[in-house]
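Participant: Protein chains in written order, with the numbering used here: chain A, 595 to 917; chain B, 23 to 791. Handing you this structure, nothing more for now.
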């Protein structure tokens with residue numbers, strides 16, 4: 595049952611930021627994650643500030659440097675259907691299409707997608723876990739088959755987004771507005787690992803809103819792909835996945851980005867695996883070597899050792915798709 | 023053993039009169055057997071059908087139940103004073119309330135209070151609130167403070183009998199004695215075998231999770247109580263509610279004309295019915311009480327998990343010599359048939375002289391089980407049908423051929439070894455294999471790359487599916503030629519209303535859109551047992567036919583006078599009564615003067631007995647092809663074929679829908695579904711449709727073929743029908759597992775075959791472990 599809350603629908607960004615400074619206010623974008631959290635009692639909200647009336651947050655437009663800027667309120671379906679995204683940023687277009695289900699993609703926004711709260715089944719239920727101010731992470735010793743093998747340390751959830759790894763792979767920028775004005779951070783630094791602060795998932799401060807995601811122009815010869823392994827064919831989060839982007843010059847890899855999904859509390863970039871590729875020809879062999887490197891250092895929990903091999907397979911297949 | 027214990031038919035049922043005549047089987051049919059869309063399809067799809075969960079009554083209150091958040095606890099004290107004073111709250115009841123001083127029978131003489139201080143599973147009812155809005159009710163629940171003594175728990179049935187395991191009941195964690203079955207001598211049987219295989223299996227617990235939630239609306243009118251309930255059977259609910267509240271049956275009316283799915287979890291009344299009735303009584307207002315999706319994962323049933331060891335022996339020529347099965351299961355915290363019928367296929371599917379089974383049912387701190395589409399059978403098929411495949415490999419015989427070598431003609435378990443009316447198993451296996459292209463598919467290369475292909479098959483029978491008395495049905499034919507069909511049975515989404523209307527149309531020539539159906543109302547429709555056990559069509563359709571024939575006889579008597587033709591020479595042709603001898607002698611039914619004076623003809627029909635000393639069981643065989651990504655453990659089901667001996671196909675559309683639904687559900691057991699308990703707290707961690715994964719359209723092949731292979735079973739009953747709704751899901755998971763084995767050589771003995779499990783097994787195999 596949804597608890598009571600006030601609902602405001604400002605028509606300007608400035609007004610939205612103002613409204614967000616009221617006590618215990620939350621941003622409402624598509625609502626596909628927020629309403630579930632409220633209903634499940636994960637957190638409460640006194641006021642929901644809807645961004646749906648702010649026109650400037652919608653749509654996809656060319657950016658000044660030849661890339662694309664995607665308004666935070668653009669739905670996942672709109673991103674998936676955009677021919678410019680499909681043509682120039684296939685990794686993103688595939689990642690978006692792999693998210694959730696058609697209904698959820700029609701409702702969910704790209705800004706909301708990267709601000710999702712953890713999908714950990716302890717966090718979402720009536721367990722007073724560390725992330726909710728409790729004493730411990732229940733997943734550490736509990737039912738952790740869906741939890742992380744990298745970067746857990748104190749909280750072992752996996753980042754739920756398919757979109758986020760693609761944005762990190764594309765070296766995208768996240769534009770933010772807040773009480774102190776606007777700022778931009780790289781997608782890679784937007785997400786906060788539990789080791790830094792296990793009570794939050796992003797760098798957003800009080801009253802701050804994601805306004806736009808900017809995709810830089812990609813060098814000629816850049817390819818991209820996203821591979822997601824899930825427990826069922828739709829409406830499911832990644833068990834393991836990989837967003838890969840590689841730039842090829844004269845048949846050799848000159849730049850590679852490999853970012854993992856479903857295995858860490860943040861989109862997990864594996865620079866060592868990227869280095870394996872650079873200078874090499876893209877082949878089944880080099881893909882396998884990079885995949886083997888990508889899983890190095892994994893620290894599985896009691897029930898998710900399977901993720902290591904699954905991830906290796908996913909990375910290999912993601913890279914193979916670039917051939 | 024005369025008949026197996028069917029615990030879903032556990033209430034006393036009244037006898038019904040014998041049918042007045044025994045009609046000949048239908049030779050040719052005009053309506054029955056044709057593809058007819060649902061008679062209520064528009065209402066269901068457009069949303070105009072009023073399901074119990076849609077119902078809104080004037081002055082209606084909304085109720086919610088406070089449930090124990092612990093796997094095992096004792097309630098020391100409940101303080102509801104703050105809740106009682108909250109806005110909109112009209113009543114709060116706890117275990118101390120006089121109105122709640124009622125006994126709830128969990129079966130096998132295990133009784134608890136309505137709100138029992140000893141909560142043996144997470145989700146047991148502790149208190150309830152009725153308020154003006156659902157929000158106010160839930161706010162009030164949060165304001166109730168409960169002091170629990172949290173007790174040690176056991177949620178793993180494999181640990182329930184360990185020394186030191188917390189005991190749920192005074193007598194310990196055994197539900198009863200070990201259930202043993204024996205015929206012949208398995209020791210000799212295994213000694214006579216050329217090959218013996220032995221494997222251990224486990225199927226995970228599944229949750230029914232039907233589209234419509236469990237719940238009801240309760241309203242009092244003086245001493246009379248009406249309950250609108252989402253149910254598979256209004257009469258069992260009436261019986262239970264009247265019993266608990268000590269009311270006359272006649273004063274409890276249960277209505278359930280539309281319902282949104284149950285799969286066995288809605289065959290019975292629930293505590294929430296009593297809670298709603300009590301709250302409605304206390305407030306003198308109608309009360310609506312529907313559970314949340316999360317609650318339905320805890321306390322309204324599940325398919326019990328099964329831990330099975332199976333040993334099978336055969337001679338080189340494929341003759342089975344011995345089968346032995348042991349199984350440990352659990353129906354949860356109360357007696358609920360935790361191992362019921364798990365061994366039935368081992369006992370009866372294949373001819374085998376030496377069989378030994380042992381079933382151990384234990385208590386755990388989990389929600390009580392309920393019948394779930396073919397209780398026990400998919401679990402048993404998972405073990406038996408994989409073992410038969412392994413045995414076929416061991417003796418170097420094709421898996422279909424091995425099955426064909428051992429097709430029984432009698433029910434070996436039942437007393438006197440009675441023959442089956444039909445054993446369609448041979449036809450299901452041979453015609454199914456042919457239509458599927460089994461032999462070619464088996465030879466199909468597995469694939470050079472990391473993605474491998476494989477095919478698998480599995481067979482089954484279903485222990486019930488004959489239907490039988492009692493059932494009473496009334497058909498009224500109005501003078502304008504339209505008709506009214508009155509029956510107590512629920513249409514649980516299978517198309518019961520459509521099929522029964524087709525029977526009326528067949529006998530009386532009435533167009534389907536001129537038949538008004540009243541069903542599932544204890545006050546106004548006739549007695550019927552719950553719709554479950556794949557017995558609704560074979561139970562109700564002969565009764566409907568009997569009622570229609572009773573009308574027809576009266577109609578012909580009237581027409582005989584007017585047409586000057588003996589009644590025995592009359593037939594119905596479209597909207598006319600016609601002489602069989604002279605087609606020109608005819609008259610419109612609506613124009614029969616005598617009929618117009620009478621206004622209506624009423625026919626009462628009943629369900630006659632099943633054939634004596636024979637067994638009516640449906641049989642099936644399923645075939646599938648899968649693709650396995652050996653790098654990631656993902657399994658894709660490419661196609662399915664389901665061959666059935668279920669007697670007459672009343673309506674190919676509803677028949678095929680059952681097949682598609684059953685295969686879909688079986689794919690859930692095979693690949694995606696399992697209840698997960700948190701080992702630290704005993705709480706269920708996957709209680710929503712994301713964490714508990716039922717298959718989506720993307721997990722089910724578009725290519726599912728329904729192949730009815732058998733003719734009408736005219737010995738079975740007067741419509742030649744046998745059950746279908748359960749056989750369609752019994753062999754599915756085993757067929758998938760066999761196909762996975764064919765693809766990659768790994769026998770996955772534990773369900774589900776998730777990518778998590780499969781990639782782990784593939785990794786082990788690669789490491790040579």
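Using N, Cα and C, we set each Cβ at its ideal position, and we do this for glycine too.
What number of angstroms, rounded off, separates the C-alpha of residue 425/B from the C-alpha of residue 407/B?
Facilitator: As a first step, residue 425/B is located in the second chain; it is residue number 403 there, counting from the start. As a first step, residue 407/B is located in the second chain; it is residue number 385 there, counting from the start. Whole-angstrom Cα-Cα distance: 9 Å.
Participant: Tell me the residue span of the beta strand (DSSP E) that contains residue 538/B.
Facilitator: Taking the second chain and counting its residues from 1, one reaches residue 538/B at position 516. Per DSSP, residue 538/B belongs to the beta strand (DSSP E) from 537-541.
Participant: Taking residue 698/B and residue 488/B to be in contact with their CB atoms under 8 Å, please state how far apart those CB atoms are, rounded to whole angstroms.
Facilitator: Locating residue 698/B in the second chain gives position 676, where the first residue counts as 1. Locating residue 488/B in the second chain gives position 466, where the first residue counts as 1. That belief does not hold up - the Cβ atoms of residue 698/B and residue 488/B are roughly 37 Å apart, past 8 Å.
Participant: For residue 17/B, count neighbouring C-beta atoms within 10 Å of its own C-beta (all shown protein chains included) and say buried if the count is 16 or more, exposed if not.
Facilitator: Outside the displayed span of chain B (23 to 791) sits residue 17/B, for which this structure offers no information.
Participant: Across which residues does DSSP place residue 850/A in a beta bridge pair?
Facilitator: For the purposes of this step, residue 850/A is taken as residue 256 along the first chain, with counting starting at 1. Residue 850/A is bridged to 840/A.
Participant: Report the CB separation of residue 661/A from residue 850/A in whole angstroms; it is logged as a contact under 8 Å.
Facilitator: One-based indexing of the first chain puts residue 661/A at position 67. One-based indexing of the first chain puts residue 850/A at position 256. Going by Cβ atoms, the distance from residue 661/A to residue 850/A rounds to 19 Å, so no, they are not a contact pair.
Participant: Going along the segment 298-324 of chain B in order, which residues come within less than 7 Å of chain A, judged by CB to CB distance?
Facilitator: none
Participant: What residues in the segment 646-658 of chain B have a beta carbon less than 9 Å from any beta carbon of chain A?
Facilitator: 651, 652, 653, 654, 655, 656, 658
Participant: Just to confirm my understanding: we take residue 329/B, look at its own chain, exclude 5 residues before and 5 after, and list those with CB closer than 8 Å. What are they?
Facilitator: If you number the second chain from 1, residue 329/B lands on position 307. Closer than 8 Å at the Cβ level, and outside the excluded window around residue 329/B, lie 179, 180, 222, 223, 224, 349, 350, 351.
Participant: Roughly how far, in whole angstroms, is the beta-carbon of residue 227/B from the beta-carbon of residue 165/B, given that I think they are within contact range, below 8 Å?
Facilitator: For this step, residue 227/B is matched to residue 205 along the second chain. For this step, residue 165/B is matched to residue 143 along the second chain. So it is not a contact: roughly 33 Å between Cβ atoms.
Participant: Below 8 Å on the Cβ atoms is my guess for residue 708/A versus residue 673/A; work out the distance and round it to an integer in Å.
Facilitator: Translated into positions along the first chain, residue 708/A becomes position 114. Translated into positions along the first chain, residue 673/A becomes position 79. Incorrect: roughly 12 Å between the Cβ atoms, too far for contact.
Participant: Taking the alpha-carbon of residue 818/A as reference, which of 609/A, 733/A, 687/A has the nearest alpha-carbon?
Facilitator: Numbered from 1 along the first chain, position 224 holds the residue referred to as residue 818/A. Ranking the options by Cα distance to residue 818/A, first place goes to 687/A.
Participant: Contact between the segment 769-784 of chain A and the segment 598-616 of chain A: three or more CB pairs below 8 Å?
Facilitator: In this structure the segment 769-784 of chain A touches the segment 598-616 of chain A; the number of beta carbon pairs closer than 8 Å is three or more.
Participant: Would residue 781/B count as contacting chain A if we go by Cβ distances under 7 Å?
Facilitator: Locating residue 781/B in the second chain gives position 759, counting from the first residue. Chain A, which has a Cβ nearer than 7 Å to the Cβ of residue 781/B, makes this yes.
Participant: Looking at the structure shown, is residue 561/B part of a helix, part of a strand, or coil, going by DSSP?
Facilitator: Along the second chain, one-based indexing puts residue 561/B at 539. In this structure, residue 561/B counts as helix in the three-state DSSP scheme.
Participant: Report the rounded CA-to-CA distance for residue 742/B versus residue 559/B, giving the unit in angstroms.
Facilitator: Within the second chain, the letter at position 720 stands for residue 742/B. Within the second chain, the letter at position 537 stands for residue 559/B. So the alpha carbons of these two residues sit roughly 10 Å apart.
Participant: Let's test the definition: count the other Cβ atoms within 10 Å of the Cβ of residue 23/B and tell me whether it reaches 16, buried, or not, exposed.
Facilitator: Residue mapping note: residue 23/B aligns to position 1 of the second chain, counting from 1. Model confidence at residue 23/B stands at a pLDDT of 41, short of 50, so the residue's coordinates are unreliable and nothing is read from them.
Participant: Report yes if the C-beta distance between residue 140/B and residue 196/B is below 7 Å; otherwise report no.
Facilitator: Numbered from its first residue, the second chain carries residue 140/B at position 118. Numbered from its first residue, the second chain carries residue 196/B at position 174. Annotated as distal: residue 140/B and residue 196/B, with beta-carbon spacing of 7 Å or more.
Participant: For chain B, find out if any of its Cβ atoms is closer than 7 Å to the Cβ of residue 600/A; answer yes or no.
Facilitator: Locating residue 600/A in the first chain gives position 6, where the first residue counts as 1. False, the Cβ-Cβ gap to chain B never drops below 7 Å.
Participant: Compute the Euclidean distance between the alpha carbons of residue 874/A and residue 915/A, then round it to the nearest angstrom.
Facilitator: If you number the first chain from 1, residue 874/A lands on position 280. If you number the first chain from 1, residue 915/A lands on position 321. Straight-line Cα distance between these residues: approximately 16 Å.
Participant: Apart from the five residues on each side of it in sequence, which residues of its chain come closer than 7 Å, Cβ to Cβ, to residue 801/A?
Facilitator: Residue mapping note: residue 801/A aligns to position 207 of the first chain, counting from 1. Counting only Cβ-Cβ distances below 7 Å, and skipping sequence neighbours, we find 611, 614, 615, 772, 773.
Participant: When DSSP builds the beta bridges, which residues end up paired with residue 241/B?
Facilitator: Translated into positions along the second chain, residue 241/B becomes position 219. Residue 241/B pairs with 248/B.
Participant: Just reading off the beta strand (DSSP E) that residue 378/B is part of, what are its end residues?
Facilitator: By 1-based counting over the second chain, the position of residue 378/B is 356. First-last of the beta strand (DSSP E) with residue 378/B: 377-384.
Participant: Fully enclosed by the segment 84-164 of chain B, which beta strand (DSSP E) runs are 3 residues long or longer?
Facilitator: 95-101, 111-116, 125-127, 133-135, 147-153
Participant: Flag this pair as yes or no: are the beta carbons of residue 190/B and residue 355/B separated by less than 7 Å?
Facilitator: Counted from its first residue, the second chain places residue 190/B at position 168. Counted from its first residue, the second chain places residue 355/B at position 333. Inclusion of residue 190/B and residue 355/B in the CB contact set at 7 Å is warranted, their separation being smaller than that value.
Participant: Tell me, please, whether the CB atom of residue 903/A is closer than 7 Å to any CB atom in chain B?
Facilitator: Locating residue 903/A in the first chain gives position 309, counting from the first residue. Cβ-Cβ to chain B under 7 Å: yes for residue 903/A.
Participant: Please list, in chain order, all residues of the same chain as residue 822/B whose beta carbon is under 6 Å from its beta carbon, the five residues on each side excluded.
Facilitator: Outside the shown range of chain B, which is 23 to 791, sits residue 822/B, and nothing can be said about it.
Participant: Using C-beta distances below 7 Å, list every residue in its chain close to residue 33/B, excluding the 5 sequence neighbours before and after it, in chain order.
Facilitator: Locating residue 33/B in the second chain gives position 11, where the first residue counts as 1. A caution first: residue 33/B carries a pLDDT of 46, below 50, which makes its placement in the model too unreliable to give a value.
Participant: Would you list, in sequence order, the uninterrupted beta strand (DSSP E) runs of no fewer than 3 residues that lie entirely inside the segment 797-843 of chain A?
Facilitator: 803-809, 816-823, 834-843
Participant: Between which two residues does the alpha helix (DSSP H) holding residue 666/B run?
Facilitator: Residue mapping note: residue 666/B aligns to position 644 of the second chain, counting from 1. Here residue 666/B belongs to no alpha helix (DSSP H); instead the beta strand (DSSP E) covers 656-667.
Participant: Is residue 320/B closer than 7 Å to residue 389/B when the C-beta atoms are compared?
Facilitator: In the second chain, residue 389/B corresponds to position 367, counting from 1. In the second chain, residue 320/B corresponds to position 298, counting from 1. Yes, they are a contact pair.
Participant: Can the beta-carbon of residue 524/B be found less than 7 Å from the beta-carbon of residue 172/B?
Facilitator: Here residue 524/B is taken as the residue at index 502 of the second chain, counted from 1. Here residue 172/B is taken as the residue at index 150 of the second chain, counted from 1. Going by C-beta atoms, residue 524/B is not nearer than 7 Å to residue 172/B.
Participant: Quick check on residue 715/B - is its C-beta less than 7 Å from some C-beta in chain A?
Facilitator: On the second chain, position 693 is the one that residue 715/B refers to. Yes, because at least one Cβ of chain A sits closer than 7 Å to the Cβ of residue 715/B.
Participant: Leaving aside the five residues before and after residue 597/A along the sequence, list all residues of the same chain whose C-beta is less than 7 Å from its C-beta, in chain order.
Facilitator: Reading the first chain from its first residue, position 3 is the one you call residue 597/A. The answer, listed in chain order, is 632, 638.
Participant: Please state if the CB of residue 660/B and the CB of residue 678/B are separated by a distance shorter than 7 Å.
Facilitator: As a first step, residue 678/B must be located in the second chain, where it is residue number 656. As a first step, residue 660/B must be located in the second chain, where it is residue number 638. No; because the gap between Cβ atoms is not below 7 Å, this pair is not in contact.
Participant: Are the segment 296-315 of chain B and the segment 575-592 of chain B touching by the rule of at least three beta carbon pairs closer than 8 Å?
Facilitator: no
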